[in-house]
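A.B. asks: Same order as they appear, the protein sequences are chains A and B.
Under the UniProt record's numbering, the first residue of the first sequence is numbered 1, with each subsequent residue one higher.
Under the UniProt record's numbering, the first residue of the second sequence is numbered 1, with each subsequent residue one higher.
Where is the CB? At the ideal position from N, CA and C, for every residue including glycine.
Structure below; questions to follow.
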Amino acid sequence: MAQTLLCHPGIGPDVEGIALVASDDFSARYDLDRIKGVFSRPAHKLFGEDYRERVLVLNNVKGGVASAWMLNEMASRDVKPAAFVFNRVNPILAQGAALAGLPLVDRFADGDVTTLICNGERIRVRPSEGQVILLDRP
Amino acid sequence: MKLNEEERALLAGEGGRARQWAIRHQIEVGRFFDAEDMVEVDQAHVMADPESLGEAGVRWLSDMAGLPEAERRVRVPTITDPRGVDFAAYKRLHQTDEMATLEERAIRAFEAMGVLMTNTCINYQTILPPVRGEHVAFGDTGVVIYSNAVFGARSNFEGGPSAIAAGLTGRTPRYGYHLEKNRLGTKLFELRHQPKDFSEWGALGAVVGRGSGSYWAVPVITGVENAPTSDDLKHFGAALASFGSVAMFHMPGVTPEAPTLADAFDGPPPPASPITAEDIANVYEGYAARGDKVDVVVFSAPQLSLIELEKVANLLDGRRVHSGTTLIAATSPEIKFAADRMGLTRRIEASGGIVLSGVCFYQSYAREMAEANGWSRLMSNSAKLVNIIGGYGYKPTLATMERCVDSAVAGKVL
Numbered sequence: 001m002a003q004t005l006l007c008h009p010g011i012g013p014d015v016e017g018i019a020l021v022a023s024d025d026f027s028a029r030y031d032l033d034r035i036k037g038v039f040s041r042p043a044h045k046l047f048g049e050d051y052r053e054r055v056l057v058l059n060n061v062k063g064g065v066a067s068a069w070m071l072n073e074m075a076s077r078d079v080k081p082a083a084f085v086f087n088r089v090n091p092i093l094a095q096g097a098a099l100a101g102l103p104l105v106d107r108f109a110d111g112d113v114t115t116l117i118c119n120g121e122r123i124r125v126r127p128s129e130g131q132v133i134l135l136d137r138p
Numbered sequence: 001m002k003l004n005e006e007e008r009a010l011l012a013g014e015g016g017r018a019r020q021w022a023i024r025h026q027i028e029v030g031r032f033f034d035a036e037d038m039v040e041v042d043q044a045h046v047m048a049d050p051e052s053l054g055e056a057g058v059r060w061l062s063d064m065a066g067l068p069e070a071e072r073r074v075r076v077p078t079i080t081d082p083r084g085v086d087f088a089a090y091k092r093l094h095q096t097d098e099m100a101t102l103e104e105r106a107i108r109a110f111e112a113m114g115v116l117m118t119n120t121c122i123n124y125q126t127i128l129p130p131v132r133g134e135h136v137a138f139g140d141t142g143v144v145i146y147s148n149a150v151f152g153a154r155s156n157f158e159g160g161p162s163a164i165a166a167g168l169t170g171r172t173p174r175y176g177y178h179l180e181k182n183r184l185g186t187k188l189f190e191l192r193h194q195p196k197d198f199s200e201w202g203a204l205g206a207v208v209g210r211g212s213g214s215y216w217a218v219p220v221i222t223g224v225e226n227a228p229t230s231d232d233l234k235h236f237g238a239a240l241a242s243f244g245s246v247a248m249f250h251m252p253g254v255t256p257e258a259p260t261l262a263d264a265f266d267g268p269p270p271p272a273s274p275i276t277a278e279d280i281a282n283v284y285e286g287y288a289a290r291g292d293k294v295d296v297v298v299f300s301a302p303q304l305s306l307i308e309l310e311k312v313a314n315l316l317d318g319r320r321v322h323s324g325t326t327l328i329a330a331t332s333p334e335i336k337f338a339a340d341r342m343g344l345t346r347r348i349e350a351s352g353g354i355v356l357s358g359v360c361f362y363q364s365y366a367r368e369m370a371e372a373n374g375w376s377r378l379m380s381n382s383a384k385l386v387n388i389i390g391g392y393g394y395k396p397t398l399a400t401m402e403r404c405v406d407s408a409v410a411g412k413v414l
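And the structure:
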């Protein structure tokens, strides 16, 4: 059984993974310890969480252009998320995902994706189709 | 996306492999944002410090730099954002030789591509300010918001790869702030308190940024009684971009695209959110730590103008930075040269401060510097910096430049 959420067509290949969800915004520079692979900003709702190979489901993107390089660098060391599923992103995350070959989608038809997807839920991201599939939903 | 003949030729590889990668990257990003076509740009500005590049990014740049000259050279003037290592000072800061070596490799690659190593996030104050209506591909959030709002130029946030792509192709996808319709106001804020110094302008940027909350929001700020200085707006814009990921604002009577409030919106303005002295005070209070030992006082983010450096020098004259505290002021190479010539560097360093050239603190391996130097409590008058630096393990405090210097001399947060 599964439920499908529709979004704007995105970037990158299809991927399946476990969702790591919060209503916060995101910046690779502001929020992550990119060596340890954890959220390192104390004020972030995901502080201390391991982000490696999780599908990050977050609200928006914070300032800072560094994520455009950092995603590529994180991917080269396999200390990266599996995919980005956001309500709305800025150009930096799109540019970074494009360089790193990481899946990215945003702009959901059904509303706030951080409430539509549950933390720990198994999901499939299909950027070219503009779909996120909640694999265990009835 | 509609591509013209030249763009189709680049996509077919007729301009070489670097330009083929660049146009592919631009098409992928452009399609994501529903761009209909490309727009030519006059300048590109690349953020690519080694800490964000990492080994993978430097290798990527070096591969590009190894292509034949005709393939790898940028087509429009392309300049750089601050770097991570000041070769004249890195050992004093306990940065490593490995960091310096990575920096050297990145610089060699950029130079092979014809990129001008300006190493600055205040290029609009020091290199070549853009003009109203000029399309550019700028790669620093503070630079983009200042260029869009204060000059009326047109740029999106162009991260390092996309800024390099713009340098190689001379164009960028036409979406976001290249389009007139996206430059209109979306939210209105009314000042009920006039910011008094750089840190208050930064704190105002924090309030408006938190209240805007999206790259696609264009805040409009009314109630500004006196024209701010370029440095005031630099701190305001940098904080606004940092706290809110905002790339554009209007300040009727100050910024060029909205001489009046009516010009700022497509239709009647929305209800205004007031910003009071208490709102500004709350920003400071969020970082307060009176009495704490202060490890490092930083004037950076954005780099300092000559006028700001003079203020630091004036505040330090005849005083000595506490032996347990490091005071750093970061500026661009052009301003550092002027500060050397005018004696400002000598005055700051005579008091125990360090003037860095071509770098910005948070782009300089801030986490590793903290570990190597035993730093935890950081003070700055930059709201942008205190917003960023918590993620690097620092405990930040925002204060005026005067209070930062007083605290550096006392060795504790005053």
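Kindly list the residues whose CB is nearer than 6 Å to the CB of Asp14 (chain A), restricted to its own chain and excluding five residues on each side of it in sequence; keep chain order.
C.D. replies: Excluding residues within five positions, the ones whose Cβ falls inside 6 Å are Arg126.
A.B. asks: Mind listing the chain A neighbours of Phe157 (chain B)? Cutoff is C-beta to C-beta under 7 Å, in chain order.
C.D. replies: Residues of chain A passing the Cβ test: Val65, Asn90, Pro91 and Ile92.
A.B. asks: Opposite Arg122 (chain A) in the DSSP bridges: which residues?
C.D. replies: Its beta-bridge partners are A:Ile18.
A.B. asks: Got a sec: is the Cβ-Cβ distance from Phe243 (chain B) to anything in chain A below 9 Å?
C.D. replies: Chain A, which has a Cβ nearer than 9 Å to the Cβ of Phe243 (chain B), makes this yes.
A.B. asks: Does any C-beta atom of chain B lie closer than 9 Å to the C-beta of Asp50 (chain A)?
C.D. replies: So no, Asp50 (chain A) is outside the interface.
A.B. asks: Within 9 Å of any Cβ in chain B, is that where the Cβ of Val61 (chain A) sits?
C.D. replies: Answer yes: the Cβ-Cβ gap between Val61 (chain A) and chain B drops below 9 Å somewhere.
A.B. asks: Hey, quick one: how far does the alpha helix (DSSP H) through Pro50 (chain B) stretch, first residue to last?
C.D. replies: Per DSSP, Pro50 (chain B) belongs to the alpha helix (DSSP H) from Pro50 to Ala65.
A.B. asks: Closer than 8 Å: is that where the CB of Gln43 (chain B) sits relative to any heavy atom of the ligand PLP?
C.D. replies: As far as ligands go, the structure on display features none, and thus does not contain the ligand PLP.
A.B. asks: Going by the CB atoms, is the gap between Gly253 (chain B) and Ala227 (chain B) shorter than 9 Å?
C.D. replies: For Ala227 (chain B) and Gly253 (chain B), yes; Cβs fall inside 9 Å.
A.B. asks: Apart from the five residues on each side of it in sequence, which residues of its chain come closer than 7 Å, Cβ to Cβ, to Gly324 (chain B)?
C.D. replies: Lys293 and Gly411.
A.B. asks: Does the beta carbon of Arg29 (chain A) come closer than 9 Å to any beta carbon on chain B?
C.D. replies: Yes - at least one Cβ of chain B is within 9 Å of the one on Arg29 (chain A).
A.B. asks: Under a three-way DSSP split, which group does Lys293 (chain B) fall into?
C.D. replies: The answer is strand: DSSP assigns Lys293 (chain B) an E or B state.
A.B. asks: Name the DSSP beta bridge partners of Ser380 (chain B), please?
C.D. replies: Beta-bridge pairing links Ser380 (chain B) to B:Val298 and B:Leu398.
A.B. asks: What first and last residue would you give for the alpha helix (DSSP H) that runs through His25 (chain B)?
C.D. replies: Start and end: Arg17 to Phe32.
A.B. asks: Check whether chain A comes within 9 Å of Arg367 (chain B), counting only Cβ atoms and requiring the distance to be less than that.
C.D. replies: Cβ-Cβ to chain A under 9 Å: yes for Arg367 (chain B).
A.B. asks: If we cut at 9 Å on Cβ distances, does Pro81 (chain A) have a partner in chain B?
C.D. replies: Not closer than 9 Å to any Cβ of chain B, the Cβ of Pro81 (chain A) fails to qualify, so no.
A.B. asks: Taking only the alpha-carbon atoms, compute the straight-line gap between Ile145 (chain B) and Leu6 (chain A) and give it to the nearest angstrom.
C.D. replies: Straight-line Cα distance between these residues: approximately 32 Å.
A.B. asks: Please list the partners that Gln95 (chain A) has in chain B, where partner means a Cβ-to-Cβ separation under 7 Å.
C.D. replies: Chain B residues near Gln95 (chain A): Val29, Gly159, Pro161 and Ser162.
A.B. asks: Does Ile280 (chain B) have its Cβ less than 9 Å from a Cβ in chain A?
C.D. replies: By this cut-off, Ile280 (chain B) is not an interface position.
A.B. asks: Are there 16 or more other CB atoms within 10 angstroms of the CB of Gly66 (chain B), so buried, or fewer, so exposed?
C.D. replies: When all chains shown are included, Gly66 (chain B) counts as exposed.
A.B. asks: According to DSSP, is Phe138 (chain B) helix, strand or coil?
C.D. replies: Coil at Phe138 (chain B), not helix or strand.
A.B. asks: Below 8 Å on C-beta distance, what does Phe33 (chain B) contact in chain A?
C.D. replies: Chain A residues near Phe33 (chain B): Pro91 and Ala94.
A.B. asks: Against chain B, does Glu53 (chain A) count as a neighbour if the rule is that its beta carbon must be under 9 Å from one of theirs?
C.D. replies: With 9 Å as the cut-off, Glu53 (chain A) does not count as an interface residue toward chain B.
A.B. asks: Select from the segment 15 to 27 of chain B all residues with a C-beta closer than 8 Å to any C-beta belonging to chain A, and list them in chain order.
C.D. replies: Cβ contacts with chain A come from His25.
A.B. asks: Note down the Cα distance separating Gly167 (chain B) from Phe236 (chain B), rounded to an integer number of angstroms.
C.D. replies: Answer to the nearest angstrom: the Cα atoms are 28 Å apart.
A.B. asks: Straight-line CA distance for Pro9 (chain A) to Glu7 (chain B)?
C.D. replies: The straight-line gap from Cα to Cα measures roughly 23 Å.
A.B. asks: Residues in the same chain with beta-carbon distance under 6 Å from Pro302 (chain B), minus the five sequence neighbours each way, listed in chain order, please.
C.D. replies: Correct list, in chain order: Cys121, Ile122, Gly142, Lys234 and Ala238.
A.B. asks: Name the chain A residues whose beta carbon is nearer than 7 Å to that of Met47 (chain B)?
C.D. replies: Those are Val65 and Ala66, listed as they occur along chain A.
A.B. asks: With respect to the alpha helix (DSSP H) encompassing Val113 (chain A), which residues constitute its N-terminal and C-terminal limits?
C.D. replies: Where Val113 (chain A) is concerned, the enclosing alpha helix (DSSP H) stretches over Val113 to Leu116.
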